[in-house]
Ligand code: ATP
Ligand code: MG
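Laid out in structure tokens, this is it:
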């Protein structure tokens with residue numbers, strides 16, 4: 451169903467505000483003027499954003515910030531989740547969307563989790579006909595960006 455992206459992002463930010471506060475972190479939502487409503491399976495997109503924001507929270511130190519942003523591109527609406535967290539080493543980035551893949555077992559084990567979040571995120575984006583990518587600088591932060599197309603063709607969701 452056609453959904454204003456600002457509503458989706460503000461709801462996610464609200465869901466995480468308590469956990470963010472507990473870590474002295476801040477979360478902001480920036481939606482470019484004129485971004486159109488997007489056809490989406492709302493439950494799936496909520497799940498996808500929960501995965502990405504929980505990563506941003508989990509892999510950041512106290513005092514960090516998370517930014518949820520949306521803008522219009524020629525491929526559709528681009529939505530990004532950016533953090534100022536611990537980042538991902540270059541050698542791990544290309545495998546990061548694989549099931550069960552986690553960076554450096556030692557660091558990952560202490561965090562808890564299964565290594566499925568990003569692979570599920572990618573499946574949800576693909577079901578919407580879009581693409582997802584991750585950019586990261588080790589020690590500086592990470593940005594995950596996905597595109598939701600505005601045209602609905604052969605949707606993988608109802
Ligand atoms: P799960 O999401 O299943 O609870 P997980 O968070 O370990 O477990 P993914 O979300 O798939 O699994 O992420 C895979 C790995 O990528 C993580 O273990 C972590 O090492 C790294 N990672 C993911 N997001 C970030 C991020 N925002 N900053 C730093 N590292 C990240
Ligand atoms: Mg995760």
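Numbering (the UniProt record's numbering), first residue to last: 451 to 608. Backbone N, C-alpha and C fix where the C-beta goes; we use that ideal spot for every residue, glycine too. The structure displayed is predicted, hence computed values, not measured ones.
With a threshold of 6 Å (Cβ to nearest heavy atom), would residue i be considered close to ligand 1?
i	result
residue 552	yes
residue 513	no
residue 595	no
residue 538	yes
residue 589	no
residue 506	yes
residue 534	no
residue 592	yes
residue 546	yes
Can you name the residues that DSSP bridges to residue i?
i	result
residue 425	Limits of the chain in this structure are 451 at one end and 608 at the other, which puts residue 425 out of reach.
residue 480	519
residue 489	452
With a threshold of 6 Å (Cβ to nearest heavy atom), would residue i be considered close to ligand 2?
i	result
residue 580	no
residue 562	no
residue 567	yes
Comparing alpha-carbon positions, which option in the options lies nearest residue i?
i	options	result
residue 454	496, 574 and 468	496
residue 561	508, 573, 587 and 469	508
residue 491	577, 601 and 554	577
residue 543	592, 485 and 486	592
residue 579	586, 588, 596 and 457	596
residue 545	535, 586, 531 and 532	586
residue 599	522, 537 and 535	522
Report yes or no: do the stretch 515-527 and the stretch 546-556 share at least 3 C-beta pairs separated by less than 8 Å?
no
| said: Quick test of the definition: if touching needs 3 or more C-beta pairs under 8 Å, does the stretch 564-580 touch the stretch 509-524? | reply: no
Margin query: Contact between the stretch 498-510 and the stretch 451-464 is defined here as three or more beta-carbon pairs at a separation below 8 Å; is this criterion met?
Written below: Yes: at least three Cβ pairs fall under 8 Å.
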